[in-house]
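Residue numbers (this note's numbering): 8 to 91.
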């Protein structure tokens with residue numbers, strides 16, 4: 008989100024394990040400001056059925072092996088109803 012100064016590095020969607028008409032959305036976000044992140048989560052919670060955040064520390068020196076593993080997923084979105 009440009010207004011909040013948040014960088015989205017990765018978005019991934021998967022079919023819900025519990026409901027065929029729903030998807031789980033995972034978003035890897037970089038945000039240095041906890042207030043802005045709280046505001047973003049507030050907005051998300053009004054748009055989706057569920058929202059969970061996991062916080063990871065950034066390493067100063069990222070190893071090549073870490074890059075191969077892919078992004079840390081910060082916002083798993085369980086059971087998002089897309090209205091299909």
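By construction, the Cβ of each residue, glycine as well, lies at the ideal position given by its N, Cα and C atoms. From a predicted model like this one, the values you see are computed outputs, not experimental measurements.
Stretch-stretch touch, CB-based, cutoff 8 Å, three pairs: the stretch 16 to 25 with the stretch 40 to 60: no
Status (buried if at least 16 other CB within 10 Å, exposed otherwise) for residue 34: By 1-based counting over the chain shown, the position of residue 34 is 27. Classification for residue 34: buried.
Helix, strand or coil at residue 21 [DSSP, three-state]: Counted from its first residue, the chain shown places residue 21 at position 14. It is a strand residue.
Under the three-state DSSP convention, the category residue 50 falls into: Locating residue 50 in the chain shown gives position 43, counting from the first residue. Here residue 50 sits in helix by DSSP.
Supposed close pair residue 36, residue 15 - CB separation, criterion 8 Å: Counted from its first residue, the chain shown places residue 36 at position 29. Counted from its first residue, the chain shown places residue 15 at position 8. With a Cβ gap of about 6 Å, residue 36 and residue 15 count as contacting.
Cα-Cα separation between residue 26 and residue 57, rounded to whole angstroms: The residue you call residue 26 lines up with position 19 of the chain shown. The residue you call residue 57 lines up with position 50 of the chain shown. Distance between the alpha carbons of residue 26 and residue 57 is about 14 Å.
Counterpart residues of residue 31 in DSSP-defined beta bridges: For this step, residue 31 is matched to residue 24 along the chain shown. 21.
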